[in-house]
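Report on the structure given below.
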Amino acid sequence: MDALYQFGIALIQFLQNNFSPALDGFMNAFTFMGRIEFYLVLVPFIYWVLDRRIGIRTFLVLLYVDTIATSFKLLLHQPRPNWIGAD
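Residue numbers (numbering that gives the first Met the number 0): 0 to 86.
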């Protein structure tokens, strides 16, 4: 478990040392896709506009993925990442 934590620290340091406005925009868009508001718009749009069966499948897949992600969060129980200073 300590190796996983150290990998996370190294990844955070890499991202903090190499950030750019283009990467910020990408990360903000990626973060928005993890918000409930995104799914409250996406799933009904797919269900009503594109295809009912695909909308139902999308909902079930998202429910399954959320269950798996929550299980991993509870299992690994790592502290939240923070800004790592140069000092």
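Ideal Cβ placement from N, Cα and C applies to all residues, glycine included. In this text the structure is predicted, and so the values were computed from the model without any measurement.
Here the C-alpha atom of L10 lies approximately 10 Å from the C-alpha atom of N16. Contact check for I67 against G54 fails: the beta carbons are separated by 9 Å or more. Secondary structure remark: continuous alpha helix (DSSP H) runs of at least 4 residues inside the stretch 13-61, in chain order: 20-31, 35-44. Between the C-alpha atoms of W47 and Y38 there is a straight-line separation of about 14 Å.
About 5 Å separates the CB atoms of V42 and F58; that is less than 8 Å, so the two are in contact.
Taking C-beta atoms as the reference points, Q77 and L22 fail to come closer than 9 Å. Within the same chain, and ignoring the five residues on either side of L61 in sequence, the residues whose Cβ sits closer than 8 Å to its Cβ are Y38, V42.
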